[in-house]
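K.L.:
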Amino acid sequence: MKKLFAVIGNPIEHSLSPLLQNEAYQLNGIDAHFHAFHVEHECLREAVQGMKALGVQGFIVTVPFKAEIIPYLNVVDADARQMNAVNIVKKIEGKYVGYNYDGKAWLQALLEDMKQPSLSTERILLIGAGGAAQSIYSALSRFKPIDIDIANRTVSKAEQLIAMNPIKRATAIPLEEAERNQSQYDIIVQTTSIGMAPHSEQTPIQLTNVKEGAFVSDIIYNPAETKFLQQARKCGAHTQNGMKMLAFQNALAIEMWTGKKVSNKQMLDSLVKALT
Ligand code: NAP
2 MKKLFAVIGN PIEHSLSPLL QNEAYQLNGI DAHFHAFHVE HECLREAVQG
52 MKALGVQGFI VTVPFKAEII PYLNVVDADA RQMNAVNIVK KIEGKYVGYN
102 YDGKAWLQAL LEDMKQPSLS TERILLIGAG GAAQSIYSAL SRFKPIDIDI
152 ANRTVSKAEQ LIAMNPIKRA TAIPLEEAER NQSQYDIIVQ TTSIGMAPHS
202 EQTPIQLTNV KEGAFVSDII YNPAETKFLQ QARKCGAHTQ NGMKMLAFQN
252 ALAIEMWTGK KVSNKQMLDS LVKALT
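In structure tokens, the structure reads:
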């Protein structure tokens, strides 16, 4: 019998995961099916129980349930618990175990596009302090000693994020300060939802003076080039959108669930095809 995998969220109808996952199963000979479930807030517990009863072997968790799902899982990996956010769940010996791969996927994409297997002395600006920012901060700080400023509309949330995982050179700053000091950074990562379609005219800060040759990543993938990335490109920066992060995350989920390594490139090709 086919294995069953899923994504849960609210809203969920625009999720690209069913298309990416089912295409990958077909291309890689994986005997499985992937389904998107819209879950009402008050039904989350029942939804998890139902998936377990029906034999769902693993599922992706998206907005707004990344934190809310935690009490309904049997085990939560230490990193995901620290971030208070789960985005991938695997059934292990009948138990649902939660992980967070947002940051891992983003870091893979960064290193691939920077064409270097490591980071050295870069100064990093992380914009945002939500779930994705937490995961990226955690992945970066585990990867290397880093020098990072975290800018957020609500500065106290950036402070909390650092307090959860304190490192030597991490500072919480307001967005205005990040805008003023933008030329100091070698890597800038935009993780807020500002600039997402249909509000694609907005940016969290104006980029007018980015360091020549800096690397600017925006984890939004719709539109493919946010206004933020347009501004970065005009300043001479190397830019990256959120497509690779999403594609790599889906590949990581398949590997975790089935043990099969699917090609990141094939995942990305499917995503680009779906979005164009
Ligand atoms: P989240 O936890 O809700 O965090 C949202 C962040 O955006 C917070 O830092 C929030 O600041 C900021 N923000 C929202 N509206 C703002 C506004 N009007 N002005 C200033 N700041 C504002 O969301 P998330 O889960 O981290 O996701 C953030 C974005 O990343 C979404 O667009 C999501 O689609 C995208 N994402 C992409 C991938 C991928 O694979 N490419 C993966 C995960 C997420 P405050 O703290 O001040 O509220």
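Take the position in the sequence shown, starting the count at 1, then add 1; the result is the number in our numbering. A virtual CB, placed ideally from N, CA and C, is assigned to each residue, including glycine.
Go through its chain and collect everything with a Cβ distance to SER201's Cβ below 7 Å, but skip five positions before and after it.
P.N.:
Cβ within range, chain order: PRO224, THR227 and LYS228.
K.L.:
Identify every run of the alpha helix (DSSP H) within the region 103 to 191, keeping only runs that are complete inside it and at least 4 residues long; order them along the chain.
P.N.:
List check, alpha helix (DSSP H) in window: 103 to 115, 132 to 144, 156 to 165 and 176 to 181.
K.L.:
ALA33 lies in the beta strand (DSSP E); which residues open and close that run?
P.N.:
Its beta strand (DSSP E) spans residues 33 to 39.
K.L.:
With respect to the beta strand (DSSP E) encompassing VAL8, which residues constitute its N-terminal and C-terminal limits?
P.N.:
That run of the beta strand (DSSP E) goes 4 to 10.
K.L.:
What alpha helix (DSSP H) runs, 4 residues minimum, are completely inside the region 36 to 90?
P.N.:
Counting whole runs of 4 or more residues, the region 36 to 90 contains the alpha helix (DSSP H) stretches 45 to 54 and 79 to 84.
K.L.:
With distances taken from CA atoms, which of LYS91, GLN109, ALA79 and GLU24 is nearest MET246?
P.N.:
Checking every option, the nearest Cα to that of MET246 belongs to GLN109.
K.L.:
For the ligand NAP, is there a heavy atom less than 7 Å away from the beta-carbon of PRO199?
P.N.:
Result no, Cβ not under 7 Å from the ligand NAP.
K.L.:
What does the Cβ neighbour count give for LYS105, buried or exposed, with the cut at 16 atoms within 10 Å?
P.N.:
Result: buried.
K.L.:
Who pairs with THR240 in a beta bridge, going by DSSP?
P.N.:
Beta-bridge pairing links THR240 to VAL217.
K.L.:
What do you reckon, is the C-beta of ASN265 under 7 Å from a heavy atom of the ligand NAP?
P.N.:
No, the Cβ of ASN265 stays beyond 7 Å of every heavy atom of the ligand NAP.
K.L.:
Identify which residue in ILE195, ASP187, ALA140 and ARG181 has its Cα closest to the Cα of ILE168.
P.N.:
Of the listed residues, the one whose Cα sits closest to ILE168 is ALA140.
K.L.:
Give the secondary structure of ILE255 by DSSP, where H, G and I count as helix, E and B as strand, and everything else as coil.
P.N.:
Helix, per DSSP.
K.L.:
Please determine if the region 189 to 208 and the region 120 to 134 are in contact, where contact requires at least 3 C-beta pairs separated by less than 8 Å.
P.N.:
With a cut-off of 8 Å, the region 120 to 134 and the region 189 to 208 count as touching, because enough Cβ pairs lie within range.
K.L.:
Cα separation between GLN27 and TYR102?
P.N.:
Their backbone Cα atoms lie some 23 Å apart in a straight line.
K.L.:
How should VAL40 be labelled, buried or exposed, when 16 other C-beta atoms within 10 angstroms of its C-beta is the threshold for buried?
P.N.:
So VAL40 counts as buried.
K.L.:
Work out the CA separation of ASN182 and ALA7 for me, nearest whole Å.
P.N.:
Answer to the nearest angstrom: the Cα atoms are 43 Å apart.
K.L.:
Output the distance between the C-alpha atoms of VAL211 and GLY237, rounded to the nearest integer angstrom.
P.N.:
VAL211 and GLY237: Cα-Cα distance of roughly 8 Å.
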